[in-house]
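Numbering (my numbering), first residue to last: 428 to 1186.
By construction, the Cβ of each residue, glycine as well, lies at the ideal position given by its N, Cα and C atoms.
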Ligand code: PEP
Ligand code: MG
C-alpha cells in the first residue's frame, strides 16, 4: 500500500491543474481499492457547498453541476462531523439522499472520509460498491491515510487554480481567493512583481513562460546538455577501472536519453514552439518521469530516477546561466522555496520590494536578515504555488503575514494607501535619529544595534545606536565559499570597531550549526538545534576560534572598544575554556607587537541551563546578553524555524518573562551589566517591559531603533513599573500581549503594531 500511496502522491504532485489532480486521485484510489466508485467533493468557500468535483464510476456529466449543503446526504454528514462513515447499506442511513441523474442507486456500500488540511475541511473523499458489505478496517484506514496525505496537495492545487483564475481577465472584483497565509517576518507592505529564485534545481517548481528569444534559449539548452554530457563522461571515465564493461555501458544508455532522437528533441521542439528552455525541459522531463513511474515493471520504473537526475542536472546548468542575465523588475518580490543569504544577495537592494518563502519562520535567521535589510517579508507559506507566481503581481502584507496574488483594483488601492502611510510614519520618526532614547520623564535608555552586513553599521549609526550589542560574525562566513583568513577577518572587524568608536562593539564568536550551515563546513545532524552549535563547535575547533579571536584583538588595536560574546553557553566550563583561549590569543598578539587591551568577555543566555546558572556565569564573565530568540525556542520547546508551530513560539510567554526577570536579577546581583539582543528587544510591545525589568541595553535591528525610541518616550518610569506589576499576575501569552497592546493603544502607538491591511 505504501508503494501505491507513494506513486499516487507523486502523480498528483506532477499534475498540471486541480482538475487533473482530482481526476488522477479518483481513478487511482478506485483501482487501488478495487471499488466501483470513487468521488471527490470539495468545499466551495463562498457558497459553503460541497461541490461534486470528480468521479470515477458515477455520472461524470454532473461534475461541477451541483453541490450539497452540510446538512445534505451522507457527504454532508461526513463533512459536518469531520470523521469517516462506513456503511453496509447507505440507503438505510437517516441522512441518505439521492441526487437525480447521478447514478448512485446501484451502490450499497459507502465509505467516506473527510479531507482536512490544517484544521480546515477541504472536502470529502468517497468510495462506493454495489455489494452489501461493510468496508474492512484496512480499507477504512487506507482511505483515511490517502485523504490525510492528499489534503496538503489538494490545498496547494486549489490555490494554484485560484491564482490562475485571478490572472484571467474575468476575475471577479470581490474574489479574494488568491490569498495565502504565512508568518509575518518583517513588518511593512511590499507591492511588486514576483521573481522566483531556486537555490537548487528542481524540475517541479519551474514555471511555464514564453521565451523572449527562442534562438538564444535553444542555444542555452544545447550548452547545458553539452555540459551535462561532459560531466557524465568524466564520471564514467573515473569509474572505468572499477566497473566491468557491461556496467560501464550503462553510462552510454544514460547519455542516450538526452539525444535528439529521445528527449532532447522533444525539449528542442517545445522551445521552438515558444516555451523558454527551463520550462520546456521541465515539462518534457516530468511527462516522461510520470510515464516511467506508472510502469508495472520495476526495472523500467527505476528509469524514472535516471530521467529525473539527468533533467535536474541540465536544469542546474540552465539556471546558473540564466541567473547572470536576469533583469529584475524595479519592484521585485522575491519568491523562494527557502531563503538563503545568497539568494537575498542576488537581487539589487533597491529593486527588492518584498520577500515570500515557503519555509522558515519569524525568527529563522533569514527572516532576521530580511528584517535587518528592512524588507517586508512573509515566510512559512506552506502552500506557496511556486510555479504559478513568477511575473504575477503580488502584495506582501508583512504586518499580517499574508500575500495576495493579482489583487483587484480596490484591494490594491488600499495597500497602496497603507504603503504611503508607512512612508509618512517614517518621515515623522526621522527627527528622532539624532535624539537619545529617553522615557517621557527624561530617563536615558541605552539602545544598541545588531549588525551582520555592512549596511547595518551605516543604518545603525544613522538612526542613533549608541553601540553594537551583537555583531553576528557568522554572516560574513555564510557569504563565502571558504573560511575567511585572519587578515580578511581583521579588516572586517576593524570596520565595525572604527565605525562606532569609542562606543562598544560586541562581537559574537562564530555561531554556526542549528539552521546556520556554512556551505564549506557542512554539519549533518538529525536534530541540529540540539546538536553541534555555537561555542560547542568552536571549542572543538580551536584553530577556527583562535584565528577569529586573534583577528578581533588585532582589529581592536588603538581603539579598545571591543567586547567578545560567547554563543550557546550551557556550562561554566565552556566559559572558562573560552577565556583560556582568549587569554592565549591576547598574549600572542601582544608578543607580535599589537597594543590591544584585554576585552570584556560576555556570555549569551540562550538555553534554560544558562538561565539557572546566570548568577555564577555573571560572576565569572564581564557581562551577560540574552539571546531571546533561542531562549524562547528552548524554553518552550518550539523550533524557531518551523512554520507549523510558529503560533506556539511566544516570546511573551509568562515562562520566558519569568526567565528574563531572573537573569536581570542574577546579573545585577553580581554587579554586571545585562543586555538583550534577541528580536524581542526591537518589538514595540516588549521594549517598555524590558526597560522596566532593568535591562541595561536593548540591542535590535537598525530598522526598529526609531520606532522603539518613539515608544519608550511615551512611558514615564512610574508607568513602566506599573506596567510590569500589572503583567506579573498574567498567566498566558495572549493576556500579556493584550495588556501591552492596550498600553500602546492608550498612547496612540498602535500604529506600530500589526495592522489589519485587508479583509
Ligand atoms: C538569539 O538567539 O536571540 C540571538 C540573538 O542569536 P541568533 O538569533 O543569532 O541565534
Ligand atoms: Mg541565538
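Please confirm if residue 717 has its CB atom under 8 angstroms from at least one CB of chain D. Going by chain labels, chain D is absent from the structure shown, which holds only one protein chain.
Quiz item: Since residue 476 contacts residue 491 with CB under 8 angstroms, what's their CB separation in whole angstroms?
Solution: So it is not a contact: roughly 12 angstroms between Cβ atoms.
**Prompt:** Distance, Cα to Cα, residue 1157 vs residue 1055?
**Reply:** 20 angstroms
| Rounded straight-line distance, which links the Cα of residue 1171 to that of residue 1114 | 11 angstroms
Quick one: give me the first and last residue of the beta strand (DSSP E) that residue 820 is part of. 820-824
Is any heavy atom of the ligand PEP found at a distance shorter than 7 angstroms from the C-beta of residue 899?
yes
3-residue-minimum beta strand (DSSP E) runs that sit fully inside the region 896-974, ordered along the chain
932-935
Practice problem: Could you name the residues that DSSP lists as bridge partners for residue 556? | Solution: 536
Segment contact, 8 angstroms Cβ cut-off, at least three pairs: the region 968-986 with the region 1001-1014: yes
* **Per DSSP, the bridge partner or partners of residue 623** => 762
Considering only heavy atoms of the ligand MG, does any lie closer than 7 angstroms to the CB of residue 1054?
yes
Checklist line | residue 689 (DSSP reduced to helix, strand or coil) | finding: coil
Coarse secondary structure for residue 585, derived from DSSP in three states:
helix
Exercise for review: Please classify residue 447: does DSSP put it in a helix, a strand, or coil?
Suggested key: helix
Expressed to the nearest angstrom, what Euclidean distance is found between the alpha-carbon atoms of residue 1052 and residue 632?
42 angstroms
Top-ranked residue by Cα proximity to residue 534, from 517, 522 and 545:
517
- Among 551, 558 and 546, which one has its Cα closest to the Cα of residue 536? 558
Neighbour-count burial assignment, residue 923, 16 or more Cβ in a 10 Å radius:
buried
- Cβ-heavy atom distance between residue 1057 and the ligand MG below 7 angstroms? yes
>> Taking the alpha carbon of residue 1000 as the reference point, which residue from 1027, 1044 and 719 has its own alpha carbon closest?
In response: 1044
| field | Contained beta strand (DSSP E) runs [length at least 3] in the region 1068-1125, N- to C-terminal order | value | 1100-1103
(message) Is any non-hydrogen atom of the ligand PEP found closer than 7 angstroms to the C-beta of residue 1032, if you look at the structure I gave you?
(response) no
Q: Tell me residue 616's beta-bridge partners as DSSP assigns them.
A: 824
Quick one: is residue 428 buried, meaning 16 or more other Cβ sit within 10 Å of its Cβ, or exposed? exposed
Residues that DSSP places opposite residue 513 in a beta bridge: 538
As assigned by DSSP and simplified to three states, the class of residue 608 = strand
- prompt: Where does residue 661 land, buried or exposed, given buried means 16+ other C-beta within 10 angstroms?
  reply: exposed
task: Specify, as a first and last residue, the run of the alpha helix (DSSP H) that residue 1030 falls within.
output: That residue, residue 1030, is in no alpha helix (DSSP H); its beta strand (DSSP E) goes 1027-1032.
Q) Beta-carbon separation of residue 827 and residue 611 under 8 angstroms? A) yes
- Message: Need the endpoints of the beta strand (DSSP E) that residue 468 sits in, please.
- Response: 464-471
Tell me whether residue 613 counts as near the ligand PEP, meaning its Cβ is closer than 7 angstroms to at least one heavy atom of that ligand. no
- Query: Under the rule that 16 or more other beta-carbon atoms within 10 Å means buried, what is residue 1071, buried or exposed?
  - Reply: exposed
(Q) Pull the bridge partners of residue 483 from the DSSP assignment, please. (A) 465
Reference residue 511, options 551, 523 and 452, closest by Cα: 551
Notebook entry, point to check: Between residue 989 and residue 1031, is the Cβ-Cβ spacing less than 8 angstroms?
Noted result: no
Margin query: Quick check on residue 473: buried or exposed, where buried means 16 or more other Cβ atoms within 10 Å of its Cβ?
Written below: exposed
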